[in-house]
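Peer 1:
Protein chains: 2
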Amino acid sequence: MDLISELGPLAFGSRLKRLSETIMRGGEDVYRFYGVDFQPKWFPIFYFLSQKSEAGIMEIAEGLNVTHPAVIQMSKELEKKGLIVSKKSDEDARKRNLKLSKKGEDLLPTLQKIWEEIKLMNAEIIENQEHNLLIAVKEIEDAWAAKSYLERFKEFHGL
Amino acid sequence: MDLISELGPLAFGSRLKRLSETIMRGGEDVYRFYGVDFQPKWFPIFYFLSQKSEAGIMEIAEGLNVTHPAVIQMSKELEKKGLIVSKKSDEDARKRNLKLSKKGEDLLPTLQKIWEEIKLMNAEIIENQEHNLLIAVKEIEDAWAAKSYLERFKEFHGL
DNA sequence: AAAATTTGCGTAATCACTTACGTAATTGAT
DNA sequence: ATCAATTACGTAAGTGATTACGCAAATTTT
């Protein structure tokens, strides 16, 4: 009995979460293989800062499409690891800007090499997909944004 | 800058989680619309029990492909709601079997009607997908099961 | 220029899982 | 028949996100 195919994405959450965690763990192995002390979960913020050089919490949150508390939590870890630093903005007293530390900058080239390779691996996996996960998710998101269950229901029943 | 398309599923977790939560909320609306006191997160266990009539914790966990503590936690809620009951197995003193309560059985036909409609809606969404999410996820899972990043790496570098 | 609104950040609590660990019952090996 | 291994379940703590709330600074309205 396959619940998923019977009832679609309703029971889908944990499965997707697990998949992403499996892949994360795979990422860890790669960093370890290269002897680099870096965790996949740090990637989004770290990468964002490597592109932007300096950014406030909200800017990062929006860029990564996560909530700002999520950014604060992750950035705390990165700061503890000494990979990023933060300082109050001069122009806006509400803002706290994050940027890569010296240590972070030094690590960057190595990380970039690794990311490049991971990107290749991803491309290989994705290109071999008959149904592209990225596109599929986007399609579902869009379908949902356009019309919720309830709206579909009401339509269906002429309400 | 799109992190996802650049680096694939590595930064994918929260996006998928959010999608599944959005859909869950959509499910809530439907139950509410029908005036039924039922939550989407209860569905997997409840549905499983409606098919199996009686099952131990581990059996459910394996059937749903989640860990047994997850089953225990969710089933506690269902038990509190009076929708399922549990009792020690006669044959095996370690086992605690779960099954639908009278109240649960009574609710079942109504739920089944709702599920049937949800299934239709899902089918509509999924059939309109160019890239099928379910298949896409399965493909990625399989690709991963077959070969991890690290194995791909080593292969790539002839190690 | 005062008042109202918006923005940026921080903290706390929650969520639905997980891993890690422990215990008791059963099964299997010798 | 005993001892070791496995199985079933339970609890505790951790995870990486979320929502809800609050506050102070900046911006906009009037």
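Same order as they appear, the protein sequences are chains A and B.
Residue numbering for the first sequence is 1128 to 1286, as defined by this note's numbering.
Residue numbering for the second sequence is 1128 to 1286, as defined by this note's numbering.
Where a beta carbon is used, it is the ideal one built from N, C-alpha and C, also for glycine.
Just so it is clear, the structure is predicted and the values come from calculations on it, not from any experiment.
Quick check for students: name the residue ranges of the alpha helix (DSSP H) that lie wholly in the segment 1218-1266 of chain A, counting only runs of 4 or more.
Peer 2: The segment 1218-1266 of chain A contains these whole alpha helix (DSSP H) runs: 1229-1254.
Peer 1: Taking C-beta pairs closer than 8 Å, name the residues in chain A that residue 1244 (chain B) reaches, listed in chain order.
Peer 2: Simply 1280 and 1283.
Peer 1: Assuming residue 1167 (chain A) and residue 1151 (chain A) make a contact with CB atoms under 8 Å, what is their CB distance in whole Å?
Peer 2: So it is a contact: roughly 5 Å between Cβ atoms.
Peer 1: Is residue 1213 (chain A) closer than 7 Å to residue 1225 (chain A) when the C-beta atoms are compared?
Peer 2: In this structure, residue 1213 (chain A) lies closer than 7 Å to residue 1225 (chain A) by Cβ.
Peer 1: Which residue marks the beginning of the alpha helix (DSSP H) containing residue 1198 (chain B), and which one marks its end?
Peer 2: Element bounds for residue 1198 (chain B): 1195-1207.
Peer 1: On the DSSP bridge list, what partners appear for residue 1211 (chain A)?
Peer 2: DSSP output for residue 1211 (chain A) lists A:1227 as bridge partner(s).
Peer 1: Please decide whether residue 1157 (chain B) counts as near chain A, where near means a Cβ-Cβ distance under 7 Å.
Peer 2: Answer yes: the Cβ-Cβ gap between residue 1157 (chain B) and chain A drops below 7 Å somewhere.
Peer 1: Would you grab the beta carbon distance between residue 1242 (chain B) and residue 1201 (chain B) for me? Rounded to a whole angstrom, and I think it's under 8 Å.
Peer 2: 17 Å between Cβ atoms; not a contact.
Peer 1: Using the C-alpha atoms, what's the distance from residue 1193 (chain A) back to residue 1244 (chain A)?
Peer 2: Distance between the alpha carbons of residue 1244 (chain A) and residue 1193 (chain A): 26 Å.
Peer 1: Buried or exposed: where does residue 1153 (chain B) fall if 16 or more other Cβ atoms within 10 Å of its Cβ makes it buried?
Peer 2: Flag for residue 1153 (chain B) reads buried.
Peer 1: What did DSSP end up calling residue 1183 (chain A) once you bin it into helix, strand or coil?
Peer 2: Residue 1183 (chain A): strand per DSSP, three-state reduction.
Peer 1: Express the C-alpha separation of residue 1165 (chain B) and residue 1237 (chain B) in angstroms, rounding to a whole number.
Peer 2: When rounded, the distance between both Cα atoms is 11 Å.
Peer 1: Can you give me the C-alpha to C-alpha distance between residue 1286 (chain A) and residue 1156 (chain B), rounded to a whole angstrom?
Peer 2: Going from the Cα of residue 1286 (chain A) to the Cα of residue 1156 (chain B) covers about 15 Å.
Peer 1: Find the residues of chain A that neighbour residue 1201 (chain B), judging by a C-beta separation of less than 9 Å, and give them in chain order.
Peer 2: Residues of chain A passing the Cβ test: none, with the nearest at roughly 11 Å.
Peer 1: Would you call residue 1247 (chain A) buried or exposed, if buried means 16 or more other Cβ atoms sit within 10 Å of its Cβ?
Peer 2: The residue is exposed, with fewer than 16 neighbouring Cβ atoms inside 10 Å.
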